[in-house]
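A.B. asks: A single structure is presented below for examination.
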Amino acid sequence: MSYDPVTEDCPYDPEHPATMLEVEIPSGNAILLGRAYLAAGAGPHPMAIFLHGIPGHEQNMDIAHAVRRAGWNAVVFHYQGSWGSTGVYRFNHVLANVEAALAYFRQPEVAQTFRTDPARIILIGHSLGGWATLMTMAKGLVDTAAAIAPINMGMMGEMLREDEDIVRPMMQQLFAPLVIRLNDVTADDLVGEIYAADAWDYYQMVPEFIEKRLLLVGAERDDVVPPGQHLLPLVSLLNKSNMTQLSYQSLPADHVFSYQRIALTRLIVDWLGTL
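Residue numbers (full-length UniProt numbering): 1 to 275.
Structure, rendered in structure tokens:
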């Protein structure tokens, strides 16, 4: 590549220029809205599907643009019940929506429209999206993925069940300002989901990750999803399991990498270059 996709624009291809297409992904009775940033060239190109957090104020579109300049197609979509996507918002719906997005872009006619190689679709998830990425990988639906400051919903559920009187009010306070941007859901609904779900702990899924390619990125100054409580135990478990295709990086950043955007983008683009 004759240019730096992190800091420089890609050359113009008059026959197949880089472009953006609107996306409407069917997921059950819901329609998931988003956009696809298509790389220059006829392709087919690999594709990275970006998964944001709750409610998704940071959607990492700056990274998506750099990924496109690096020759990948990039998709940013919104879970049902968020940012204009129809349907009811729930955490279990988030997981179903990710599966629906993968199935959608792997359809031959859809892959052709989006100039995508359906055999080379990966996930890049942040926060709640990082958790959804790991859950989806554990089901065997992707073999390559990146999880950035991922929350462990299963671990939070265990904390809630063990000390409900203290933890439930804390979680309600956490979710209350977020649900105003989501459809047909309350903080109590989300806390109830976490309480009832005992299969959302990615620490328990280490055997499912061992043979896969995984990038994990931590934020050292993250006070929303502290890495010591969420990500680092997973890194330790994977290292003890001698996972050979694991890359772990840590940046001196807050939860949304506010002052490490270029560093985070560089890290992801460089990792994509190894695939």
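The C-beta atom is built at its ideal place from N, Cα and C for all residues, glycine as well.
Cβ atoms of L128 and V94: under 8 angstroms apart, would you say?
C.D. replies: yes
A.B. asks: Which same chain residues end up closer than 8 angstroms to A222 when comparing Cβ atoms and leaving out the 5 residues on each side of it in sequence?
C.D. replies: For the sequence presented, residue 222 should be read as Asp rather than Ala. Taken in chain order, the residues that qualify are A149, A253, D254 and H255.
A.B. asks: Tell me which residues share the same chain as P17 and place their Cβ nearer than 7 angstroms to its Cβ, disregarding the 5 neighbours each side in the sequence.
C.D. replies: A40
A.B. asks: Return the chain-ordered ranges of every alpha helix (DSSP H) run that is complete within the stretch 185 to 240 and spans a minimum of 4 residues.
C.D. replies: 187 to 196, 206 to 209 and 231 to 240
A.B. asks: Can you grab the Cα-Cα spacing for the pair T173 / I166, in whole Å?
C.D. replies: The question names Thr, yet the displayed sequence has Gln at residue 173. For Q173 and I166, the distance between alpha carbons rounds to 12 angstroms.
A.B. asks: Going by the beta-carbon positions, is the gap between F91 and A138 smaller than 8 angstroms?
C.D. replies: With a cutoff of 8 angstroms on beta-carbon distance, F91 and A138 are scored as not near each other.
A.B. asks: Ignoring anything shorter than 3 residues, give me the beta strand (DSSP E) runs that lie fully in the stretch 37 to 94, in order along the chain.
C.D. replies: 45 to 51 and 73 to 77
A.B. asks: Do A74 and A50 count as a contact pair if the criterion is CB distance below 8 angstroms?
C.D. replies: Before going further, note that residue 50 is Phe rather than Ala in the sequence given. Yes.
A.B. asks: Assess contact between the stretch 227 to 244 and the stretch 197 to 212, defined as three or more Cβ pairs (one per stretch) separated by less than 8 angstroms. Is contact present?
C.D. replies: yes
A.B. asks: Could you check if H57 is buried or exposed, using at least 16 other CB atoms within 10 Å of its CB as the buried criterion?
C.D. replies: exposed
A.B. asks: Using the C-alpha atoms, what's the distance from L246 back to A263?
C.D. replies: 19 angstroms
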